[in-house]
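Following: one structure in structure tokens, then a few remarks.
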Amino acid sequence: MTWTFRLGRIAGIDVKLHWTFLILLGWVFLSYLSDTGEVSGGLVGVAFILALFGCVVLHELGHALAARRYGVNTRNIVLLPIGGVANLERMPEKPREELVVALAGPAVNVVIAALLAVILAATGGLPDPEALESVTVPSGRNFLIGLLSVNILLVLFNLIPAFPMDGGRVLRALLSMKYDRARATHLAARLGQVLAMVFVFLGFFGNFMLVFIGLFIYLGAGGENRAVGQQALLEGYRVEDAVMRQYTALNVYETLDRAASILLDGQERDFVVLDEGEPAGILTRDDLIRGLKEYGKHGRIGEAARRPALLELPGDTPLQEAYVQLQAGQTPICCVRDPLGRISGVLNLENIEEVLLLKRALRG
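If you count the sequence shown from 1, position 146 lands on 146 in full-length UniProt numbering, and the numbers rise without skipping.
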């Protein structure tokens, strides 16, 4: 995600902050400054928001660590003004595993709320329900009451049975124990969209924020349904069925001018870069443009190429798996190897989307 900067690493996962989060902090500071008339009031408000988002980071870390248990890595955790996102490479497809990963985040908030309740009970008794509803004056004891209230709300909100909330994934995991994944996703998404329309309707007669929440849920549920539906269409296909065998490979020692000529003469936008016959990185159109600005047309391709861990897949890899990996990865193209270990071609999302188009046409 662009416009983010790294705060640090927790358990080997980068935690990033989107720049718009700073706008939220500024707005909170000015709001509490206006309410209290004191700078200290504004600073306490900011401290409360930071503590709240600390709980959000722990929530997302719960998802990430649970996913790691099943061999799924997390690229990063990004904090936005509306909450946090743990960018998992993929969701586990086994129902039980997805259920554990989906529940891990809310479970963290349950633990936080329980710890806060113990602290409050030990320092003056638990607050009554009316006190839990108030987070407008987060100072002293009310600071802890506010955090307790927010963590309870996070659990309840995230367990709404609709994508992209955790509750939608919990529902799909439960449905997947009876139906196939595509059918389970379709049912969970439809329920989510019905709830979204209810939120939008109620929002026009009460809290207008419900309208935005409803739209968020509706679009998220539809997106998840489409993505899983596309993966279902790829069932039975292998990487070798979609591999592009006629492709242009560039050498690290060639000039950027040659790469520009190839780009203009053909339809390829992403190139595998070789060094002594072995993949050494990729050169995308954006990399090429950036390289021409920085090194000129006589600059070497190796200077502009990206050198990530280039994805390489055997030809017999299920195309569904390749689709997920390309969507989750940092490279738009991968190398395909034949049974003898030789490079037999390349694969990108465009190739896979063509397979999807053909299959939809055949289904009529």
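Think of the CB as a built atom: it goes at the ideal place given N, C-alpha and C, for glycine as much as any other residue.
| Item | Value |
| --- | --- |
| Helix, strand or coil for His186? Go by DSSP, reduced to three states. | helix |
| I'd like to check one pair, Glu240 with Asp287: are the Cβ atoms closer than 9 Å? | no |
| DSSP on Leu311, reduced to helix/strand/coil? | coil |
| Could you give the DSSP three-state label for Val252: helix, strand or coil? | coil |
| From Leu234 to Ser344, what distance separates their C-alpha atoms? | 21 Å |
| Quick one: residues in its chain with C-beta nearer than 8 Å to the C-beta of Arg360, no 5 flanking neighbours on either side, listed in chain order? | Leu233 |
| Tell me whether Leu65 sits in a helix, a strand or coil according to DSSP, three-state version. | helix |
| Counting only the same chain and skipping the five closest in sequence on each side, list residues whose C-beta sits under 7 Å from that of Gly62. | Ala104, Gly105, Ala107 and Val108 |
| Roughly how many angstroms separate the alpha carbons of Leu7 and Val15, rounded to a whole number? | 6 Å |
| Tell me, to the nearest whole angstrom, how far the beta carbon of Leu274 is from that of Asn251; I am working on the premise that it is less than 8 Å. | 6 Å |
| Can you find the residues in the same chain that come closer than 7 Å, C-beta to C-beta, to Asn158, ignoring five residues on each side of it along the sequence? | Gly105, Pro106, Met165, Asp166 and Gly167 |
| Using 8 Å as the cut-off, can you tell me whether the segment 113 to 125 makes contact with the segment 172 to 180, which would need three or more C-beta pairs spanning the two stretches below that distance? | no |
| From Phe21 to Arg238, what does the alpha carbon distance come to, in whole angstroms? | 43 Å |
| With respect to the alpha helix (DSSP H) encompassing Asn109, which residues constitute its N-terminal and C-terminal limits? | Pro95 to Ala122 |
| Is DSSP giving Asn207 helix, strand or coil here? | coil |
| Between the segment 111 to 119 and the segment 32 to 50, do at least 3 Cβ pairs fall closer than 8 Å? | no |
| Return the chain-ordered list of same chain residues with a C-beta closer than 7 Å to the C-beta of Leu202, the five sequence neighbours on each side being excluded. | Leu210 |
| Could you please give the first and the last residue of the uninterrupted alpha helix (DSSP H) stretch that includes Gly291? | Arg285 to Tyr295 |
| Starting from Leu25, trace the beta strand (DSSP E) in both directions and tell me its first and last residue. | Looking at the DSSP string, Leu25 is not in any beta strand (DSSP E); the run it does join, the alpha helix (DSSP H), is Thr20 to Thr36. |
| Under a Cβ-count criterion, where at least 16 other Cβ atoms within 10 Å of its own Cβ denotes burial, should Asp257 be classed as buried or exposed? | exposed |
| Do the CB positions of Leu58 and Thr74 come within less than 9 Å of each other? | no |
| Taking just the CA atoms, how far does Ile301 sit from Glu254? | 6 Å |
| If distances are taken between C-alpha atoms only, which option among Gly192, Val85 and Asn151 comes closest to residue 377? | Here the chain comprises residues numbered 1 to 364, so residue 377 is not present and cannot be evaluated. |
| Please check if any C-beta of chain B sits within less than 9 Å of the C-beta of Leu340. | Among the protein chains of the structure shown there is no chain B, as only one such chain exists. |
| What three-state label does DSSP hand Leu17 in the structure shown? | strand |
| Report yes if the CB atom of Gly277 is closer than 9 Å to the CB atom of Arg306, and no otherwise. | no |
| Where Thr248 and Glu60 are concerned, what is the direct C-alpha to C-alpha distance, given to the nearest angstrom? | 41 Å |
| Below 8 Å on the Cβ atoms is my contact criterion, and I expect Pro92 with Ala67 to pass it. Report the Cβ-Cβ distance as a whole number of Å. | 7 Å |
| Around the Cβ of Ile77, are there at least 16 other Cβ atoms within 10 angstroms (buried) or fewer (exposed)? | buried |
| Would you decide whether Glu354 is buried or exposed? Buried here means 16 or more other CB atoms lie within 10 Å of its CB. | exposed |
| Taking C-alpha atoms, which residue in Cys334, Val150 and Ala102 lies nearest to Leu52? | Val150 |
| Quick one: give me the first and last residue of the beta strand (DSSP E) that Ala86 is part of. | Gly83 to Leu88 |
| Could you tell me if Glu224 is buried or exposed, where buried requires 16 or more neighbouring beta carbons within 10 angstroms of its beta carbon? | buried |
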